[in-house]
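Enquirer: The listed protein sequences derive, respectively, from chains C and H. So in this note's numbering, spot 358 of the first sequence is number 358, and the numbers just go up one at a time. To convert a position in the second sequence, counted from 1, into this note's numbering, add 1000.
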Amino acid sequence: MFNLERWEEIFETISKNKLRTFLTGLSVLSGIFILVILLGVSQGMQNGISSQFQDDAANVIFVWTGVTSVEYKGMNPGRVIQLRNKDYDHITKLHKDELEYKSSVYRIWGGMVTYKKESGSYRVEGVYPDYQFLENQTLIKGRHINTLDIDNSTKSVVIGKKVNDDLFKDQDAIGKYVKVSGVNFKVVGVYSDPGGEREESRVFVPISTAQKVFSGANRVNFLSFSLPMEDNFEKATAASVDFSDKIEKQLKETHDVAPQDESAISVNNSLENAKRFYDLMGMIKMFFWFVGIATILAGVIGVSNIMLIIVKERTKEIGIRKALGAQPLSIVTMILHESIFVTAIAGFLGLFLGLVLLEFVGPMVETEFIANPSVNFQIAITTVIILIVAGAFAGFFPAWRAARIKPIIALRDE
Amino acid sequence: MIEIKDLHKSYKTGATSLHVLKGINFNVKEGELVSIMGSSGSGKSTLLNILGMLDEADTGSYMLDNVPIKNLNEKIAARYRNKFLGFIFQSFNLINYKTALDNVAMPLYYQGVSRGERLDRSMAYLEKVGLAPWAKHLPNELSGGQKQRVAIARALASDPKVLLADEPTGALDTKTSYEVMDLIQGINDEGKTILVVTHEDDIAHMTKRIVNLKDGVIIDDSYVEQVRAKDHV
Ligand SMILES: Nc1ncnc2c1ncn2[C@@H]1O[C@H](COP(=O)(O)OP(=O)(O)OP(=O)(O)O)[C@@H](O)[C@H]1O
Ligand SMILES: [Mg+2]
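1. Alpha carbon to alpha carbon, how far is SER1091 (chain H) from ASP1166 (chain H)?
2. Please list, in chain order, all residues of the same chain as GLU230 (chain C) whose beta carbon is under 7 Å from its beta carbon, the five residues on each side excluded.
3. Below 8 Å between beta carbons: does that hold for PRO206 (chain C) and ILE145 (chain C)?
4. Does chain H have any CB closer than 8 Å to the CB of ALA344 (chain C)?
5. Would you say the beta carbon of LYS1044 (chain H) is closer than 7 Å to some non-hydrogen atom of ligand 2?
6. Kindly indicate which residue of H:ILE1002, H:ASP1102, H:ILE1218 and H:LYS1214 has the alpha-carbon position closest to the one of GLU12 (chain C).
7. Given that ASN17 (chain C) touches chain H, what residues does it touch there, using C-beta distances under 8 Å?
8. Leaving out the 5 sequence neighbours to the left and right, which residues in its chain are closer than 6 Å to ILE34 (chain C) when beta-carbon positions are compared?
9. Assuming ALA1151 (chain H) contacts LEU1085 (chain H) (C-beta within less than 8 Å), just tell me the rounded distance between them.
10. Counting Cβ pairs closer than 8 Å, one from the segment 40-51 of chain C and one from the segment 1126-1137 of chain H, do we hit at least three?
11. May I ask you to report which of helix, strand or coil DSSP gives ASN184 (chain C)?
12. Could you tell me if the beta carbon of VAL1211 (chain H) falls within a distance shorter than 7 Å of some heavy atom in ligand 2?
13. Here's the rule I'm using: 16 or more other beta-carbon atoms within 10 Å means buried, otherwise exposed. How should LEU148 (chain C) be labelled?
14. From what residue to what residue does the beta strand (DSSP E) around HIS1008 (chain H) run?
15. Could you check the C-alpha separation between GLY74 (chain C) and GLY175 (chain C) for me, to the nearest Å?
16. Roughly how many angstroms lie between the CA atoms of VAL241 (chain C) and PHE396 (chain C), to the nearest whole one?
17. If we ignore side chains and look at the alpha-carbon of each, how far apart do LYS393 (chain C) and GLY1038 (chain H) end up?
18. Three or more C-beta pairs under 8 Å: does that hold for the segment 371-386 of chain C against the segment 1015-1023 of chain H?
19. Under 8 Å between C-beta atoms, does LYS235 (chain C) make it to chain H?
20. In whole angstroms, what separates the C-alpha of GLN43 (chain C) from that of SER304 (chain C)?
21. DSSP three-state call for ASP56 (chain C): helix, strand or coil?
22. Using beta carbons (cut-off 8 Å, strictly below), is LEU1054 (chain H) in contact with chain C?
23. Distance check for ILE345 (chain C) and VAL291 (chain C), CA to CA, integer angstroms please.
24. Pick from H:LYS1136, H:ALA1100 and H:SER1177: whose alpha carbon is nearest that of TYR1154 (chain H)?
25. Quick check on DSSP: helix, strand or coil for ALA1171 (chain H)?
26. Less than 7 Å between the CB of VAL1196 (chain H) and some heavy atom of ligand 1, yes or no?
27. Drop a sphere of 10 angstroms on the beta-carbon of ASP55 (chain C), count the other beta-carbons inside from all chains shown, and report buried for 16 or more, exposed for fewer.
28. Could one say the Cβ of GLY25 (chain C) lies closer than 8 Å to chain H's Cβ atoms, at least one of them?
29. I'd like to know whether the C-beta of MET1123 (chain H) is nearer than 8 Å to at least one C-beta of chain C.
30. With 16 as the cutoff for other CB atoms within 10 Å, does LYS364 (chain C) come out buried or exposed?
31. Report yes if the C-beta of GLY1038 (chain H) is less than 7 Å from at least one heavy atom of ligand 1; otherwise report no.
32. Can you confirm whether LYS312 (chain C), when its beta carbon is compared against all beta carbons of chain H, has any partner nearer than 8 Å?
33. Where VAL1113 (chain H) and GLU5 (chain C) are concerned, what is the direct C-alpha to C-alpha distance, given to the nearest angstrom?
34. Looking at ILE318 (chain C): is its Cβ nearer than 8 Å to the Cβ of ILE405 (chain C)?
35. Are three or more beta carbon pairs between the segment 1195-1210 of chain H and the segment 1222-1230 of chain H nearer than 8 Å?
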């Protein structure tokens, strides 16, 4: 490898056979270049999707209760389990650092909302301010429930876009008073929801107000939490499952529910939803890897083809060299050395060009689905090395065969 | 220098076997200039290739400078070729992307001579064949005669014991042929052993001994009065 004489010979051969060098180099260069771009786009798509996933607050954990189905500690099944403020307070205090958003929900059944002559039946819930984010709502007008509303039990209400359209038509709802199940509330905000009309025919009041005004006392219907995003699905699932298990266990203990009782206390984490995203990402990744490997394979086949042609083309030269005293091994190394050298240079050049393109064009690409395309440098280097090794293997067999041709036969080649 | 006894060679093509050399007995002493003649297909090239270790005989013995040439593997054959033999071909067989100088230097490269010395020595041989001004030219920028002279310089470069020339003037006109023969005679005068395969009587008579092949056997082997090529140029 460090034989200066051989390097000189290689450089001479390469520089005097530019077309051949160019063709070998081009197939390797374009292979690596395409691969780098593919990997970059794949990473970009993953980034794009996971940023959308973040928008959706997909790792929401939802707790609700029902009726016990299993006898426990001498108590018969059929007992109604009721969540209360203290459950919420207990959990939020205990897991203060882990939680991103949190809210308990008190639902008013058969809620009627009336404005002047217009009225309709909507889902009415008392919530905390965080609930906006847990439901992924966007405010169109005004504000959401805030902590002041909670502290002062104000009679404020946030209404969905559908409710707004039904009751107020074109009028501005903000500041107007509506009757919620017979009690006057002041409209402070209007929201929209990616869930559409169904999600937008809801109204929200401060939970403290709801419990006082609608005789909720300290009762709560659901608890809703979210955890901060993790970098990958494994981490996110682990965190989510871990958290769900912990609060399920705590709640079951405080409410004397059998650990195996599924119907009394249910903790559902929406990671199934998240899993779809991650699965999609995994599929994208796999698809790009597949295409990438196919590209590399095409590159390897290209290199072997060119090597075959080169050896064929050089048969006579090989014959001459052998007549002049070239050893078979020196023929093999001559061909391999050249092919490895050209493949390596071209491979790294392709890598470099690909990275440069990603570096400069990448940040300009800002669609919804592709964000910040980039490439894992180590993976890229590895593929270049794989291609060089593969190219060497591809070149070895024709070179070996050429080295074993009898000089007399090689010389006769025209 | 060369001793061969009862040499046989046949070519197998598919089911048929062609017996080309049918028992050749033949000695060449050091410093001889021998021509091998015969009709087309008589086995001249075959014989020369076996002498040049480019091909192998089926049976018989071959001694080159008292070294038995037998059952050589490709590695040893390559070394012997490099050390003992210089080839001159009808079609020159220069490497087309290398300059005249680099072509001449090839055998020295395979001898492991360093680049500087290689080029110095090659240049001296190019001077000897009168082509020093053409050292940096590629083969396709040279005439046939010039190419053959480069090939001769290359054959001489490794200072071999024997030069083997297969129709060295076959692709050249009469005048150029005589120039090449003059060169070959000059080299022989310095003591180099040379074998020349040829079709042409006049070329053959410029050697010192003519061996006639027919149907794979030597039918005539006689010394002749050497005609100096220089007198005809
Ligand atoms: N590789 C081979 N395979 C089969 N037959 C061969 C091979 N090489 C030579 N022959 C045959 O052997 C015979 C002798 O060939 P050779 O080349 O030695 O003849 P030659 O005397 O050099 O003829 P020429 O004057 O035409 O060059 C010919 O009939 C030729 O067809
Ligand atoms: Mg012949």
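Quick reminder that beta carbons are idealized off the backbone N, C-alpha and C, glycines included. This one's a predicted model, so the numbers in the text were calculated from it and none came from an experiment.
Expert: In terms of the structure at hand:
1. The residue given as residue 1091 (chain H) occupies position 91 in the second sequence. The residue given as residue 1166 (chain H) occupies position 166 in the second sequence. Going from the Cα of SER1091 (chain H) to the Cα of ASP1166 (chain H) covers about 9 Å.
2. As a first step, residue 230 (chain C) is located in the first sequence; it is residue number 230 there, counting from the start. Closer than 7 Å at Cβ, skipping near neighbours: ALA236 and ALA239.
3. Your numbering for residue 206 (chain C) matches position 206 in the first sequence. Your numbering for residue 145 (chain C) matches position 145 in the first sequence. Against a cut-off of 8 Å, the Cβ pair of ILE145 (chain C) and PRO206 (chain C) comes out as a contact.
4. Position 344 of the first sequence, counted from the first residue, corresponds to residue 344 (chain C). So no, ALA344 (chain C) is outside the interface.
5. Counting from one through the second sequence, the residue named residue 1044 (chain H) turns up at place 44. True, at least one ligand heavy atom lies under 7 Å from that Cβ.
6. Locating residue 12 (chain C) in the first sequence gives position 12, counting from the first residue. The candidate whose alpha carbon is nearest that of GLU12 (chain C) is H:ASP1102.
7. Along the first sequence, one-based indexing puts residue 17 (chain C) at 17. Within chain H, the residues near ASN17 (chain C) are TYR1097.
8. Residue 34 (chain C) sits at position 34 when you count from the first residue of the first sequence. So the qualifying residues of the chain are THR295.
9. On the second sequence, residue 1151 (chain H) is found 151 positions in, with the first residue counted as 1. On the second sequence, residue 1085 (chain H) is found 85 positions in, with the first residue counted as 1. Not confirmed; about 13 Å, so no contact.
10. With contact defined as three or more Cβ pairs closer than 8 Å, the segment 40-51 of chain C and the segment 1126-1137 of chain H are not in contact.
11. Stepping through the first sequence from its first residue, residue 184 (chain C) is reached at position 184. Judged by DSSP in its simplified three-state form, ASN184 (chain C) adopts strand.
12. As a working note, residue 1211 (chain H) is residue 211 in the second sequence. For VAL1211 (chain H), the Cβ stays outside the 7 Å cut-off from all heavy atoms of ligand 2.
13. Residue 148 (chain C) sits at position 148 when you count from the first residue of the first sequence. Burial call: exposed.
14. Along the second sequence, one-based indexing puts residue 1008 (chain H) at 8. Where HIS1008 (chain H) is concerned, the enclosing beta strand (DSSP E) stretches over 1002-1013.
15. The count along the first sequence starts at 1 and reaches residue 74 (chain C) at position 74. The count along the first sequence starts at 1 and reaches residue 175 (chain C) at position 175. GLY74 (chain C) and GLY175 (chain C): Cα-Cα distance of roughly 54 Å.
16. Taking the first residue of the first sequence as position 1, residue 241 (chain C) is located at position 241. Taking the first residue of the first sequence as position 1, residue 396 (chain C) is located at position 396. Taking the straight line from one Cα to the other gives about 53 Å.
17. Residue numbering aside, residue 393 (chain C) sits at position 393 when the first sequence is read from its first letter. Residue numbering aside, residue 1038 (chain H) sits at position 38 when the second sequence is read from its first letter. The sequence shown places Phe at residue 393 (chain C), rather than the Lys named in the question. Distance between the alpha carbons of PHE393 (chain C) and GLY1038 (chain H): 47 Å.
18. no
19. For the purposes of this step, residue 235 (chain C) is taken as residue 235 along the first sequence, with counting starting at 1. LYS235 (chain C) does not count as touching chain H.
20. Along the first sequence, one-based indexing puts residue 43 (chain C) at 43. Along the first sequence, one-based indexing puts residue 304 (chain C) at 304. Cα to Cα, GLN43 (chain C) sits roughly 30 Å from SER304 (chain C).
21. Stepping through the first sequence from its first residue, residue 56 (chain C) is reached at position 56. Per-residue confidence for ASP56 (chain C) stands at a pLDDT of 48, beneath the threshold of 50, marking its modelled position as unreliable; the derived number appears in the next sentence. Coil, per DSSP.
22. The count along the second sequence starts at 1 and reaches residue 1054 (chain H) at position 54. At a cut-off of 8 Å, the C-beta of LEU1054 (chain H) has a neighbouring C-beta in chain C.
23. The residue given as residue 291 (chain C) occupies position 291 in the first sequence. The residue given as residue 345 (chain C) occupies position 345 in the first sequence. Using only the alpha carbons, I get a separation of about 23 Å.
24. Here residue 1154 (chain H) refers to the residue found at position 154 when the second sequence is read from its first residue. What sits at residue 1154 (chain H) in the sequence shown is Arg, not Tyr. Considering only alpha carbons, the answer is H:ALA1100.
25. In the second sequence, residue 1171 (chain H) corresponds to position 171, counting from 1. Coil.
26. To locate residue 1196 (chain H), count along the second sequence from 1; it is residue 196. VAL1196 (chain H) Cβ: outside cutoff for every heavy atom of ligand 1.
27. Here residue 55 (chain C) is taken as the residue at index 55 of the first sequence, counted from 1. The predicted position of ASP55 (chain C) is uncertain, since its pLDDT is 45 and thus under 50; no value can be drawn from it.
28. Within the first sequence, numbered from 1, the residue matching residue 25 (chain C) stands at position 25. Taking Cβ atoms only, chain H never reaches closer than 8 Å to GLY25 (chain C), which makes this a no.
29. Within the second sequence, the letter at position 123 stands for residue 1123 (chain H). No, because no Cβ of chain C sits closer than 8 Å to the Cβ of MET1123 (chain H).
30. Within the first sequence, numbered from 1, the residue matching residue 364 (chain C) stands at position 364. Rather than Lys, the amino acid found at residue 364 (chain C) in this sequence is Met. That one is exposed.
31. For this step, residue 1038 (chain H) is matched to residue 38 along the second sequence. Under cutoff, so the answer is yes.
32. By one-based count along the first sequence, residue 312 (chain C) stands at place 312. Chain H contact via Cβ: absent.
33. Residue mapping note: residue 1113 (chain H) aligns to position 113 of the second sequence, counting from 1. Residue mapping note: residue 5 (chain C) aligns to position 5 of the first sequence, counting from 1. Between the C-alpha atoms of VAL1113 (chain H) and GLU5 (chain C) there is a straight-line separation of about 9 Å.
34. The count along the first sequence starts at 1 and reaches residue 318 (chain C) at position 318. The count along the first sequence starts at 1 and reaches residue 405 (chain C) at position 405. Closer than 8 Å, so yes.
35. yes
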